[in-house]
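Participant: Numbering (full-length UniProt numbering), first residue to last: 1 to 129. All C-beta atoms, glycine included, are put in the ideal place defined by N, C-alpha and C.
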Amino acid sequence: MPSVLSDDDKETVKRFVPKQTNKIQAVAVARLYVAYPNPGRWTNTGIQGAIVLSNDLVGNTYWLKMVDISSGNRGVIWDQEIYDTWSYNQDRTYFHSFEIEERSAFRQFASATPSACPKARRCACSSTR
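1) Under DSSP, the beta strand (DSSP E) around residue 141 begins and ends at which residues?
2) For the candidate residues Trp63, Ala30, Ser6, whose alpha-carbon lies nearest to that of Val17?
3) For Thr43, which of helix, strand or coil comes out of DSSP?
4) Is Ile77 closer than 7 Å to Asp91 when the C-beta atoms are compared?
5) Is Gln48 closer than 7 Å to Arg31 when the C-beta atoms are compared?
6) Since Ala35 contacts Leu5 with CB under 8 Å, what's their CB separation in whole angstroms?
7) Against chain C, does Thr21 count as a neighbour if the rule is that its beta carbon must be under 7 Å from one of theirs?
8) Can you tell me where the beta strand (DSSP E) holding Thr61 begins and where it ends?
9) If you draw a straight line from the C-alpha of Lys10 to the C-alpha of Ile100, how long is it?
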């Protein structure tokens, strides 16, 4: 997994999260883990790509969207609405956790450039090496 987005990756993100219906707030390279089937242990979902914090201008909601930036170019492969009571924690510098469907999920960032997630008060995107 690359640590930063290439120009081609950025174009892929823009293609699958178009500005006509979304305002992109932040983007970073990440992997998704879940605490399932064992709630006490993180399991790699195999989902990785560009994690995008976007404002859906049609529904007036914020979302995290994972865009496939591999050669498969599968578009948005995972998303999570950010609702008022959504819980988001920065557990470690590069590891952030949050609740999905009554389970915990976890992001591992790979970006070498930190980014901030304004508007999502519980979101503080970080970087790794």
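Facilitator: The answer reads as follows:
1) Lying before the first or after the last residue shown, residue 141 is absent from the chain, which here runs from 1 to 129.
2) Numbered from its first residue, the sequence shown carries residue 17 at position 17. Among Trp63, Ala30, Ser6, the Cα nearest to that of Val17 is on Trp63.
3) Position 43 of the sequence shown, counting from 1, holds the residue named residue 43. It is a strand residue.
4) The residue given as residue 91 occupies position 91 in the sequence shown. The residue given as residue 77 occupies position 77 in the sequence shown. Their beta carbons are not under 7 Å apart, which means Asp91 does not touch Ile77 by this criterion.
5) As a working note, residue 31 is residue 31 in the sequence shown. As a working note, residue 48 is residue 48 in the sequence shown. Going by C-beta atoms, Arg31 is nearer than 7 Å to Gln48.
6) As a position in the sequence shown, residue 35 is number 35, starting the count at 1. As a position in the sequence shown, residue 5 is number 5, starting the count at 1. The pair is not a contact, with the Cβ atoms about 28 Å apart (cut-off 8 Å).
7) The structure shown contains no chain C; it holds only a single protein chain.
8) For the purposes of this step, residue 61 is identified with residue 61 of the sequence shown, where counting begins at 1. Segment 61-67, the beta strand (DSSP E) holding Thr61.
9) In the sequence shown, residue 10 corresponds to position 10, counting from 1. In the sequence shown, residue 100 corresponds to position 100, counting from 1. Lys10 and Ile100: Cα-Cα distance of roughly 26 Å.
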